[in-house]
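Q: Residue numbers (the numbering used here): 56 to 552.
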């Protein structure tokens, strides 16, 4: 919404990993140098370890962009795979989908690499999620490739939990002496300032855009502790607060308002919403009220088809971008709009179950205009059941659950979505209907708070009673069929402190 006001060509603080916005520090350069050296000497291991939100995935995308045109690359995005599944994924990447006939995946990849004069690069994102058996097989296979004269560079991007795998005596024995471990630390205050300025510049195509005051930048660094993901979150909302106040600069008060919104405990915390409205002033408050009233009036004046999507072209869901299948470090597959949230929620739940569809194309087709989560479950070898969402069902029932939520995540997002929709597409009732509803995953419950993986917001904890006020219709629970001995859905990791 604020892009036009600040003359941005694109959003400067999008959470989607984008190599275009890669920001290099001396630590990042150390990683890049280590990768280059490993490739030049014929292979080796580079292990990048960082907390949640420090930019490991973006770094991996940047490396992929830099080397992908000159070397074969296998990118494993969801490593929670069995040894056989992991090696088959790697083999298919290196072979272009055609594994040499008559060979198991591991020898097949070794043979493929032997045909590649420059070797290949294997990037494993979220490597801490590798099951121990799969990690051991990966190390054994990579070591045999290198010892046999093959050229293979393995890049592991992981959270600190990977130490439980790396410190295993067998792993220590198999990792080559040339292995490089690089801790990806948070940004310093000076680096935070440079990071914010660089993203503003790139989003404006060279235009410096709005200015963050010294106080504003100090507040950003204090809140974010130099963690890029948190920097992006608070800067995005601070820019919106500045836009609502019709300010060209972003100061510490705008950042304070943004922080209050981020730390709100629910999807609709009235007290925080009231503080935000008071903070942006009378004009801003009136704009929220007017937009919201217009939205409600327009909604009630139309007859929306069941499901909220018309049969016309305007009601067609856009094709889901391939990034919709990639969970972020909080385990959430992100979406850019409510109409993408059904697919994102299904991919999020699939990742929790550690399942990948045998036919990804058929799986994706079940998540189109009218998502069929039961059909999607069958493509993962699972069963699906509808569950009536009540307080008891949420507190004591089976999780995770795909739920449909009414409304928008918070006051700031209300302003953004409603103004965008009413300003640009006020004549499209199907679009307005889709704005009302989005899908998310109720992952688990702690006490009376529900952990929700929301494709539009990320990972958040909200009171169960507030969630009940937002849900629409029944939820969908996936379960293992009788006799299935596959893994149960993993619990969501706690957000890094």
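We put the beta carbon where it would ideally sit given N, CA and C, even for glycine.
Counting Cβ pairs closer than 8 Å, one from the stretch 236-243 and one from the stretch 101-113, do we hit at least three?
A: Yes, they touch.
Q: Could you check what DSSP says for residue 230 in three-state terms: helix, strand or coil?
A: Residue state, collapsed to three classes: coil.
Q: Verify whether the separation of the beta carbon atoms of residue 409 and residue 146 is less than 8 Å.
A: No, Cβ-Cβ distance for residue 409 and residue 146 is not below 8 Å.
Q: Taking all protein chains shown into account, decide if residue 322 is buried (16 or more other Cβ within 10 angstroms of its Cβ) or exposed.
A: Because the pLDDT at residue 322 is just 36, under 50, the model does not fix this residue reliably, and the point stays unresolved.
Q: Can you name the residues that DSSP bridges to residue 438?
A: Answer is 534, bridged to residue 438.
Q: Suppose you measure from the CA of residue 472 to the CA of residue 514; what does that come to, to the nearest Å?
A: With a pLDDT of 44 at residue 472, under the threshold of 50, the predicted position of this residue should be treated as unreliable, though the coordinate-derived value follows. Whole-angstrom Cα-Cα distance: 20 Å.
Q: Helix, strand or coil: how does DSSP classify residue 385 here?
A: Residue 385 falls in the coil class under three-state DSSP.
Q: Return yes when the Cβ of residue 413 is within less than 8 Å of the Cβ of residue 455, no when it is not.
A: In this structure, residue 413 does not lie closer than 8 Å to residue 455 by Cβ.
Q: For residue 180, which three-state DSSP category applies?
A: Note: residue 180 maps to coil in three-state DSSP.
Q: Quick check on DSSP: helix, strand or coil for residue 363?
A: The pLDDT assigned to residue 363 is 30, lower than 50, so where the model puts this residue is not dependable, and the model offers no usable value.
Q: Between residue 193 and chain C, is there a C-beta pair that is closer than 8 Å?
A: In summary, chain C is missing from the structure at hand, where a single protein chain is found.
Q: Pop quiz: residue 5 and residue 138 are said to be a contact at Cβ under 8 Å. What is the actual Cβ separation, rounded to whole angstroms?
A: Since the first residue of the chain shown is 56 and the last is 552, residue 5 is not available in this structure.
Q: Drop a sphere of 10 angstroms on the beta-carbon of residue 246, count the other beta-carbons inside from all chains shown, and report buried for 16 or more, exposed for fewer.
A: Buried, because 16 or more other Cβ atoms sit within 10 Å of the Cβ of residue 246.
Q: With burial defined as no fewer than 16 other Cβ atoms inside 10 Å of the residue's Cβ, what is the status of residue 424: buried or exposed?
A: When all chains shown are included, residue 424 counts as exposed.
Q: Give the DSSP bridge partners of residue 269, in chain order.
A: Bridge partners of residue 269: none, in fact.
Q: On a CA-only basis, which of 405, 421, 503 and 511 is nearest residue 532? Give me that one, please.
A: Comparing Cα-Cα distances from residue 532 to each of 405, 421, 503 and 511, the minimum goes to 405.
Q: Count the other CB atoms, across all protein chains shown, that sit within 10 Å of the CB of residue 214; report buried if there are 16 or more and exposed otherwise.
A: When all chains shown are included, residue 214 counts as buried.
Q: Run through DSSP, which three-state label would residue 276 get?
A: Helix, per DSSP.
Q: By how many angstroms is the C-alpha of residue 78 removed from the C-alpha of residue 293?
A: Going by the C-alpha atoms only, they are around 21 Å apart.
Q: Please look up how many angstroms separate the CB atoms of residue 98 and residue 207, rounded, as I've assumed it's under 8 Å.
A: With a Cβ gap of about 4 Å, residue 98 and residue 207 count as contacting.
Q: Using a Cβ-Cβ cut-off of 7 Å (strictly less than) and excluding sequence neighbours within five positions of residue 418, which residues of its own chain qualify?
A: Around residue 418: 412, 431 and 434.
Q: Count the other CB atoms, across all protein chains shown, that sit within 10 Å of the CB of residue 67; report buried if there are 16 or more and exposed otherwise.
A: Looking at its Cβ environment, which holds 16 or more other Cβ atoms inside 10 Å, residue 67 is buried.
Q: With distance defined between alpha-carbon atoms, name the residue in 126, 88 and 509 nearest to residue 382.
A: Among 126, 88 and 509, the Cα nearest to that of residue 382 belongs to 509.
Q: Comparing alpha-carbon positions, which option in 436, 457 and 133 lies nearest residue 443?
A: For residue 443, the nearest C-alpha among the options comes from 457.
Q: With distances taken from CA atoms, which of 63, 460, 76 and 222 is nearest residue 194?
A: Per the Cα distances, 222.
Q: Short of 6 Å in beta carbon distance, which residues of its chain neighbour residue 120, apart from the five on each side in sequence? Order them along the chain.
A: If we look at residue 120 and ignore the five residues flanking it on each side, its Cβ neighbours are 74.
Q: By Cβ distance below 7 Å, which residues in the same chain neighbour residue 197 in space, the five residues on each side in sequence not counted?
A: Here the set comprises 207 and 209.
Q: DSSP three-state label for residue 426, please.
A: Residue state, collapsed to three classes: coil.
Q: Assuming the contact rule is C-beta atoms closer than 8 Å, residue 492 and residue 460 should be a hit. Round their C-beta distance to whole Å, please.
A: The pair is a contact, with the Cβ atoms about 7 Å apart (cut-off 8 Å).
Q: Only counting the same chain, and skipping five residues up and downstream in sequence, which positions put a Cβ closer than 6 Å to that of residue 178?
A: 115, 130 and 210, listed in sequence order.
Q: Could you work out which residue in 100, 389 and 420 is closest to residue 229 when comparing CA atoms only?
A: Closest by alpha carbon: 100.
Q: Would DSSP call residue 550 helix, strand or coil?
A: Bear in mind that the predicted position of residue 550 carries a pLDDT of just 40, short of 50, making it unreliable; the figure below should be weighed with that in mind. Coil.
Q: Can you give the Cα-Cα distance for residue 438 and residue 536, rounded to whole angstroms?
A: C-alpha separation (whole angstroms): 6 Å.
Q: Just mark residue 189 as buried or exposed, buried being the case when its beta carbon has 16 or more other beta carbons within 10 Å.
A: Burial call: buried.
Q: Hey, quick one: how far does the beta strand (DSSP E) through residue 129 stretch, first residue to last?
A: Element bounds for residue 129: 128-131.
Q: In whole angstroms, what separates the C-alpha of residue 76 from that of residue 257?
A: Computed Cα separation, rounded: 7 Å.
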